[in-house]
Amino acid sequence: MQKLFIHNTLSRKKEEFKPLNPPNVGLYVCGPTVYGDAHLGHARPAITFDLLFRYLKHLGFKVRYVRNITDVGHLENDSDAGEDKIAQKARLQQLEPMEVVQFFTNQYHDHMKSLNTLPPSIEPQASGHIIEQQSMVRQILKNDFAYESGGSVYFDVEKYNKKHNYGILSGRKTDELLSNTRQLEGQEEKKSPMDFAIWKKADERHIMKWPSEWSEGFPGWHLECSVMSTKYLGEKFDIHGGGLDLLFPHHECEIAQSVAANGEEAVKYWMHNNMITINGQKMGRSLGNFITLDELFAGTHKLLEQAYSPMTIRFFMLQAHYRSTLDFSNHALQAAEKGLERMFEGAKTLKGLSHSEKSSFNITDIINSVYEAISDDLNSPIAIAKLFDAVRYINLIKDGKESLNQDDLNAFKEFFPYFLVEILGLKEAESSSNNLTAELIESILEIRQEAKNKKDFFTSDLIRDKLILAGVEIKDGKDKTEWKFKSA
RNA sequence: GGUCGGUUUGCCGAGUGGCUAGGCGCUGGUCUGCAAAACCAGUUACGGCGGUUCGAAUCCGCCACCGACCUCCA
45 MQKLFIHNTL
55 SRKKEEFKPL
65 NPPNVGLYVC
75 GPTVYGDAHL
85 GHARPAITFD
95 LLFRYLKHLG
105 FKVRYVRNIT
115 DVGHLENDSD
125 AGEDKIAQKA
135 RLQQLEPMEV
145 VQFFTNQYHD
155 HMKSLNTLPP
165 SIEPQASGHI
175 IEQQSMVRQI
185 LKNDFAYESG
195 GSVYFDVEKY
205 NKKHNYGILS
215 GRKTDELLSN
225 TRQLEGQEEK
235 KSPMDFAIWK
245 KADERHIMKW
255 PSEWSEGFPG
265 WHLECSVMST
275 KYLGEKFDIH
285 GGGLDLLFPH
295 HECEIAQSVA
305 ANGEEAVKYW
315 MHNNMITING
325 QKMGRSLGNF
335 ITLDELFAGT
345 HKLLEQAYSP
355 MTIRFFMLQA
365 HYRSTLDFSN
375 HALQAAEKGL
385 ERMFEGAKTL
395 KGLSHSEKSS
405 FNITDIINSV
415 YEAISDDLNS
425 PIAIAKLFDA
435 VRYINLIKDG
445 KESLNQDDLN
455 AFKEFFPYFL
465 VEILGLKEAE
475 SSSNNLTAEL
485 IESILEIRQE
495 AKNKKDFFTS
505 DLIRDKLILA
515 GVEIKDGKDK
525 TEWKFKSA
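Using our numbering, read the first sequence as starting at 45 and increasing by one per residue.
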């Protein structure tokens, strides 16, 4: 089996991936907070970890992929005294909180499907795990790493740091954190500004709240991931992924909570995808510079020169390494669109190739280089570059300038679409055409051919112009005329 | 201010000591009634200044600029 190396944020190095309980692999990824439209930034972790999920399965692992839906616990303001984000939005729109949750969850699912990401094995909701979260609060209290104050329960970072290492993931030091912490309102209840809520008392305006021995309230944001990952993957599991912006404080707090409750770190490999930038700046909800996936697919945002298909978006992301920032621009997206088309054309051409007596180049080397790339910390840009090399060979074989024997060609024909579709998750959009449309176009093209045969180029050009206006692209080949719908 | 990361050819984006990344664009060519498309070929860059080395985009030092996190954020 090909060895897989992944970059572990904990060690800041590439490490060989060795599952705790082979052949099973536990993968947890921080999912969306469902209170607003999903934007381009949300697509990145989804695609990054979809690639990981697909590749792990390809390697023969039995993967349980858990991705949560955050539907409670996010706070609107700086301090933990803020209002639950979902509750506030609900009040503004006169909707039930769970109605908002359902709406954006459905929308997220639709988008993820169009990006061709596989659904996770389990998609737990935070609101469905209040009991478990309360139980973890009790456990942390019992182990004396938290304290109750004014109906809320706070994690005692200083006390924790005396026995363990708060900052093990992010590289932060508690004294630095202290000197840099802003003075915020509503912090009086905490012993230290570093402390974070694991249970928060709700004020009377708060809609989403649950009873507990401490107060009517709701669990702290960081708690849900600790609880749900433990519940479905065990106290120790293989991979935890998420956006780089969650590294601190979210993931640091998760580690602290797990250690405080269970005595040991839960995660073996931490993986973080980098940000999408726009004009060199992070795309983020709070910065207001984000482009939603709806806008992208429809081309409606003012920065967009055209619509971009979900597959273009996926390919665009895969052409950059997941740990690098990726800058959005129309130019880059258009380049991705054309490149992807070239890739699909290559796949189509490959299908129709026939073999020769002997091979003029080594296809096994190319295939191996693709797998080597993807095994090296999911280096999809290198893998794609190798696939483009393969496309060049496909076209050269078609032109009779290179050749493959039967075995080699069969291996090529098996490998190429498999890797493209099953591993990279790139598939051509289903054509909107049906048989009737296709037959009609074929008929029209036959008439055009008749005109061409009679050298009636006025008529043949007229037909071509009309078809182009209708969105049908004409490609006159040597023997026959090919056509396709112009990509939207 | 602290911590971490980045600066690659027209654009996007890989690459960690010697050997063409790749895509888009551009230029040339093939095919074609023309066009379009497609295909083939060409397109050698690594922020600045020093250092290490036979040899550096790649290692070290300094400087400049950009960004992320430190507060909700994928």
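Even glycine gets a Cβ: it sits at the ideal position worked out from N, Cα and C.
Within its chain, find whatever has a CB closer than 8 angstroms to the CB of E167; leave out the 5 residues flanking it on each side and keep chain order.
Once the five neighbours on either side are set aside, the close Cβ partners of E167 are G75, V110, R111, N112, I113.
Under 7 angstroms Cβ to Cβ from N52, same chain only, skipping five residues before and after it: list those, please.
Excluding residues within five positions, the ones whose Cβ falls inside 7 angstroms are E59, Y313, W314.
On the DSSP bridge assignment, give the partners of Q325 in chain order.
DSSP lists I322 as partners of Q325.
Thinking C-beta only, is F189 closer than 8 angstroms to A304?
Yes, Cβ-Cβ distance for A304 and F189 is below 8 angstroms.
Below 7 angstroms CB to CB, which residues in the same chain sit around I357 once its five sequence neighbours on both sides are set aside?
Correct list, in chain order: A87, L159, L340.
State the start and end residues of the unbroken alpha helix (DSSP H) segment that holds Y276.
Per DSSP, Y276 belongs to the alpha helix (DSSP H) from 265-277.
P164 to R108 span [Cα, whole Å]
Rounded to the nearest angstrom, the gap between the Cα atoms of P164 and R108 is 8 angstroms.
Quick one: is T344 buried, meaning 16 or more other Cβ sit within 10 Å of its Cβ, or exposed?
Per the 10 Å Cβ criterion, exposed.
Residues of its chain near L290, where Cβ-Cβ distance is below 8 angstroms and the 5 sequence neighbours each way are ignored:
Around L290: C74, H316.
Buried or exposed for E490, going by 16 or more other Cβ atoms inside 10 Å?
E490 counts as exposed, since fewer than 16 other beta carbons sit within 10 angstroms of its beta carbon.
Starting from M142, trace the beta strand (DSSP E) in both directions and tell me its first and last residue.
The continuous stretches of beta strand (DSSP E) do not include M142, which lies in the alpha helix (DSSP H) extending over residues 141-158.
Cα-Cα separation, F359 to K402
F359 and K402 have their C-alpha atoms roughly 34 angstroms apart.
Can you tell me whether K206 is helix, strand or coil according to DSSP?
DSSP places K206 in helix when its eight states are reduced to three.
What is the residue span of the alpha helix (DSSP H) that R508 lies within?
Run containing R508: 501-513, per the alpha helix (DSSP H) assignment.
Close beta carbons around E143, own chain, < 8 angstroms, minus the five adjacent residues each side
Counting only Cβ-Cβ distances below 8 angstroms, and skipping sequence neighbours, we find A134.
Measure the C-alpha to C-alpha separation of R56 and T408 and round it to an integer number of angstroms.
Inter-residue distance for R56 and T408 is about 33 angstroms (C-alpha atoms, whole angstroms).
So what's S424 in DSSP terms, helix, strand or just coil?
Looking at S424 - three-state DSSP - the assignment turns out to be helix.
Inspect the CB distances between the stretch 364-371 and the stretch 319-331 and report whether three or more fall short of 8 angstroms.
Yes, the stretch 364-371 is in contact with the stretch 319-331.
Let me confirm a value: E309 is counted as buried when at least 16 other C-beta atoms fall within 10 Å, else exposed. Which label applies?
A residue is called buried when at least 16 other Cβ atoms come within 10 angstroms of its Cβ; E309 meets this threshold and is buried.
Run of the beta strand (DSSP E) containing K519, from where it starts to where it stops
Per DSSP, K519 belongs to the beta strand (DSSP E) from 516-520.
Helix or strand or just coil, what does DSSP make of T525?
T525: strand per DSSP, three-state reduction.
So for K58, helix, strand or coil by DSSP?
In the three-state reduction of the DSSP assignment, K58 falls in the strand class, which pools E and B.
Please determine, among V116, H208, M252, S419, the residue with the shortest C-alpha to C-alpha distance to C297.
The residue with the shortest Cα to Cα distance from C297 is H208.
Is it the case that the Cβ atoms of K106 and V78 are separated by a distance below 8 angstroms?
It is not a contact, given that the beta carbons lie outside the stated cut-off.
Among E494, S487, F240, L377, which residue has its Cα nearest to the Cα of W527?
Closest option to W527, judged by alpha-carbon separation, among E494, S487, F240, L377: S487.
Given I251, which residues of its chain have a CB within under 8 angstroms of its CB, disregarding the five upstream and five downstream residues?
So the qualifying residues of the chain are D128, A131, A134, R135, P141.
Rounded distance between the beta-carbons of V311 and F281, thought under 8 angstroms:
The pair is a contact, with the Cβ atoms about 7 angstroms apart (cut-off 8 angstroms).
Compute the beta-carbon to beta-carbon distance between I438 and L397, rounded to the nearest angstrom, for a pair I have assumed lies under 8 angstroms.
Right, the Cβ-Cβ distance comes to about 7 angstroms (below 8 angstroms), so this counts as a contact.
May I have the straight-line CA-CA distance separating K510 from H173, to the nearest angstrom?
Computed Cα separation, rounded: 59 angstroms.
Across the stretch 196-213 and the stretch 235-252, are there enough close Cβ pairs to call them in contact, namely three or more that are closer than 8 angstroms?
Yes: the two stretches touch, three or more of their Cβ pairs being nearer than 8 angstroms.
To the nearest angstrom, how far is it from the Cα of Q363 to the Cα of H153?
If I take the Cα positions, the gap works out to 24 angstroms.
Just to confirm, is the Cβ distance from L337 to L84 under 8 angstroms?
Yes, Cβ-Cβ distance for L337 and L84 is below 8 angstroms.
As assigned by DSSP and simplified to three states, the class of G469:
Reduced to three states, the DSSP call for G469 is coil.
With H, G and I counted as helix, E and B as strand and the rest as coil, what does DSSP make of S123?
Any reading at S123 needs caution, since the residue's pLDDT is 42, under 50, leaving its predicted position unreliable; the model's value is listed next. In the structure shown, S123 sits in coil (DSSP, three-state: anything other than H, G, I, E or B).
Compare the Cα-Cα distances from F93 to each of E349, I441, H284 and report the closest residue.
Ranking E349, I441, H284 by Cα distance to F93 puts H284 first.
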